[in-house]
């Protein structure tokens, strides 16, 4: 799927580059120490795991008399759809009203937080994060744009002007993206005692002990989100 490919490129390319550099440096440095009898190590790097793509995801619609389907808009077509070039992602929503011979098919589109009183959403304006714009007044199609990461589910509604009981809703989730990586050295395993850490602003301090076993992990920091990737890089030294 195009959505998967685009998001995976955004997330994995920088992560893989950082991982490759760190592992290469680790092998060279620790290999030198090993050859001099200072440190023994056994690298057992876990495979990275990922439960979902990062970014905005529009879910299936639920409702009465209206169904809504979504299709992602490629970044290269944002201008053609009237979507801001600063948007992270955008979708076209297409509604179908039943019965098909309904005399008035005009719809009103709206967007709101699922729980506007939640700790994350309270005091925030939903349209700072997600907007919905009908392609014309009362249209059966609308464009949804995700402007930035958000930490409370957002609901997009399509409601019949003729009968407000006829409507459909779909939720928009945000799968948190990786914003930074911290390198951690621990003794006694992944949850053991923290020896040193670095996110690039400070040096990673490596202690020397003939019998010490160190555990290296790359810990990702995430943006806001309603869902989170499970990404872990780790190894024993």
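In this note's numbering, the protein residues as written are 120 to 356.
Cβ coordinates follow ideal geometry from the N, Cα and C atoms, glycine included.
Note that the coordinates shown come from a computational prediction; the quantities given were computed from them, not determined experimentally.
Any idea if residue i is buried or exposed, counting beta-carbon neighbours within 10 angstroms, 16 or more meaning buried?
i	result
residue 228	buried
residue 203	exposed
residue 344	buried
residue 262	buried
residue 212	buried
residue 114	The requested residue 114 is not part of the displayed model; the chain covers only 120 to 356.
residue 217	exposed
residue 286	buried
residue 313	exposed
residue 250	buried
residue 187	buried
residue 324	exposed
residue 264	buried
residue 240	buried
Taking the beta strand (DSSP E) that residue i belongs to, which residues open and close that run?
i	result
residue 343	Careful: residue 343 lies outside any beta strand (DSSP E) and carries neither H nor E.
residue 221	Segment: none, residue 221 is in no beta strand (DSSP E) and carries neither H nor E.
residue 298	297-306
residue 233	Segment: none, residue 233 is in no beta strand (DSSP E) and carries neither H nor E.
residue 189	185-191
residue 201	First-last for residue 201: undefined, no H or E at that position.
residue 174	174-177
Taking the straight line between their C-alpha atoms, what separation do you get for residue i and residue j?
i	j	result
residue 301	residue 279	50 Å
residue 252	residue 275	11 Å
residue 247	residue 194	19 Å
residue 156	residue 271	Low per-residue confidence applies at residue 156: pLDDT is 39, beneath 50, and the placement is therefore not dependable, though the value from the model is reported in the following sentence. Taking the straight line from one Cα to the other gives about 53 Å.
residue 232	residue 178	14 Å
residue 333	residue 317	15 Å
residue 224	residue 277	11 Å
residue 259	residue 205	25 Å
residue 221	residue 180	20 Å
residue 303	residue 215	52 Å
residue 234	residue 306	42 Å
residue 245	residue 322	40 Å
residue 242	residue 236	8 Å
residue 315	residue 295	26 Å
residue 192	residue 174	13 Å
residue 238	residue 273	14 Å
residue 209	residue 255	17 Å
residue 308	residue 339	18 Å
residue 196	residue 335	43 Å
residue 297	residue 269	14 Å
residue 284	residue 346	31 Å
residue 290	residue 183	16 Å
residue 299	residue 282	48 Å
residue 341	residue 176	17 Å
residue 293	residue 190	16 Å
residue 201	residue 267	17 Å
residue 199	residue 320	41 Å
Less than 7 Å separating the Cβ of residue i from some heavy atom of the ligand SAM?
i	result
residue 283	Ligands displayed in this structure: none; no statement on the ligand SAM is therefore possible.
State the beta-bridge partners of residue i as determined by DSSP.
i	result
residue 208	265
residue 181	288
residue 338	301
residue 214	187
What runs of the beta strand (DSSP E), each 3 residues or longer, lie entirely inside the region 238-323? 249-253, 260-265, 273-279, 286-295, 297-306 and 312-317
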